[in-house]
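Novice:
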Amino acid sequence: MDMKKLFDLTGRKALVTGGTRGLGHGMAEGLMEAGASVVIFGTTDHVQDVAAEFRARGFSCQGLKVDVSDPAAREKGFYDAVALLGGLDILVNAAGIQRRHPCVEFPREDWNAVLEVNLNAPFALSQLAAREFLKKPEPYGKIINMASMLIFFGGWTVPAYAVSKGGVVQFTKAMCNELAGKGININAIAPGYMA
Numbered sequence: 000m001d002m003k004k005l006f007d008l009t010g011r012k013a014l015v016t017g018g019t020r021g022l023g024h025g026m027a028e029g030l031m032e033a034g035a036s037v038v039i040f041g042t043t044d045h046v047q048d049v050a051a052e053f054r055a056r057g058f059s060c061q062g063l064k065v066d067v068s069d070p071a072a073r074e075k076g077f078y079d080a081v082a083l084l085g086g087l088d089i090l091v092n093a094a095g096i097q098r099r100h101p102c103v104e105f106p107r108e109d110w111n112a113v114l115e116v117n118l119n120a121p122f123a124l125s126q127l128a129a130r131e132f133l134k135k136p137e138p139y140g141k142i143i144n145m146a147s148m149l150i151f152f153g154g155w156t157v158p159a160y161a162v163s164k165g166g167v168v169q170f171t172k173a174m175c176n177e178l179a180g181k182g183i184n185i186n187a188i189a190p191g192y193m194a
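Position 50 of the sequence shown, counted from 1, bears residue number 49 in numbering that gives the first Met the number 0, the numbering being contiguous throughout.
1. Does the distance between the C-beta of VAL162 and the nearest non-hydrogen atom of the ligand SAM fall short of 8 Å?
2. Report yes or no: do three or more beta-carbon pairs, one from the region 100-111 and one from the region 122-131, lie closer than 8 Å?
3. Determine, using beta-carbon pairs with one atom in the region 34-47 and one in the region 78-94, whether at least three such pairs fall under 8 Å.
4. Looking at the secondary structure, which residues open and close the beta strand (DSSP E) in which GLY13 lies?
5. Could you pull the DSSP bridge partners for VAL37 from this structure?
6. At which residues does the alpha helix (DSSP H) containing ASN117 begin and terminate?
7. Here's the rule I'm using: 16 or more other beta-carbon atoms within 10 Å means buried, otherwise exposed. How should THR156 be labelled?
8. Count the other CB atoms, across all protein chains shown, that sit within 10 Å of the CB of ASP164; report buried if there are 16 or more and exposed otherwise.
9. Inspect the beta-carbon positions of ILE185 and MET174 and report whether they are closer than 9 Å.
10. Rounded to the nearest angstrom, what separates GLY17 and ALA179 at their Cα positions?
11. Does ILE150 come out as helix, strand or coil in the three-state DSSP assignment?
12. In terms of alpha-carbon separation, which member of VAL15, PRO158, MET148, LYS134 lies closest to GLY182?
13. Give me the Cα-Cα distance between ILE89 and GLY29, rounded to the nearest whole angstrom.
14. On the criterion of 16 or more Cβ atoms from any shown chain inside 10 Å, does HIS24 qualify as buried, or is it exposed?
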């Protein structure tokens, strides 16, 4: 079988949060290599430079500066992305932050910041995406959430991160239970350490 056909995403429309660097950047690139049109979210104006670099390589990519820690901004960003793409087929929740402190000294403000970006934002965006997918005459959609191997072993000085990624896995399972039978696939990836 032709591997390009197996992974062909020509005509599909994807949103990737955290698409300016790291795993999010790599996943956005992979989607575009397979033929998808992609909108990437980034927290700074650098998102426009990254999108321009992808376009210079012949890919269909647009960038939006979106603070996913702000509920109103992430919802507006979501609908702006859907408008730019003319629909949505794929959501990749790759944005994430990290804060390190000993667990007995972990500041509440850092705890809340990590959970807002790493757990609340992916859940809220997954809800919005699922609603879009269900509007289609034949519901269809893919949601890929980034978890972490820390869901298995907890890590060191990163309790908020470990909790946020554990929550991602659990809401992914819960949403999958309700939506898989309606044509929507939801998965979580738990990568290990990356360069």
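No residue lacks a Cβ here, since even glycine has one placed at the ideal position from N, Cα and C.
Specialist: Concretely, from the data shown:
1. Of ligands this structure carries none, so the ligand SAM is not represented either.
2. Output reads no: the region 122-131 does not touch the region 100-111.
3. By the Cβ criterion, the region 34-47 is in contact with the region 78-94, since at least three pairs of Cβ atoms, one from each stretch, lie closer than 8 Å.
4. Translated into positions along the sequence shown, residue 13 becomes position 14. Position check: residue 13 holds Ala in this sequence, whereas Gly was assumed. Looking at the DSSP string, the run of the beta strand (DSSP E) that includes ALA13 is 12-16.
5. Here residue 37 is taken as the residue at index 38 of the sequence shown, counted from 1. DSSP lists ALA13, CYS60 as partners of VAL37.
6. In the sequence shown, the residue the question calls residue 117 occupies position 118. Element bounds for ASN117: n/a, residue is neither H nor E.
7. Here residue 156 refers to the residue found at position 157 of the sequence shown. Looking at its Cβ environment, which holds fewer than 16 other Cβ atoms inside 10 Å, THR156 is exposed.
8. Walking along the sequence shown from the start, residue 164 turns up at place 165. Here residue 164 is Lys; the residue named in the question, Asp, does not match the sequence. So LYS164 counts as buried.
9. Indexing the sequence shown from 1 puts residue 185 at position 186. Indexing the sequence shown from 1 puts residue 174 at position 175. The Cβ atoms of ILE185 and MET174 sit closer than 9 Å to each other.
10. Counting from one through the sequence shown, the residue named residue 17 turns up at place 18. Counting from one through the sequence shown, the residue named residue 179 turns up at place 180. Cα-Cα distance, rounded: 25 Å.
11. Position 151 of the sequence shown, counting from 1, holds the residue named residue 150. Three-state result, ILE150: helix.
12. Translated into positions along the sequence shown, residue 182 becomes position 183. If you compare the alpha carbons of VAL15, PRO158, MET148, LYS134 with that of GLY182, the shortest gap goes to LYS134.
13. Start at 1 with the first residue of the sequence shown, and residue 89 comes out as number 90. Start at 1 with the first residue of the sequence shown, and residue 29 comes out as number 30. Roughly 13 Å separates the two Cα atoms.
14. Residue 24 sits at position 25 when you count from the first residue of the sequence shown. HIS24 counts as buried, since no fewer than 16 other beta carbons sit within 10 angstroms of its beta carbon.
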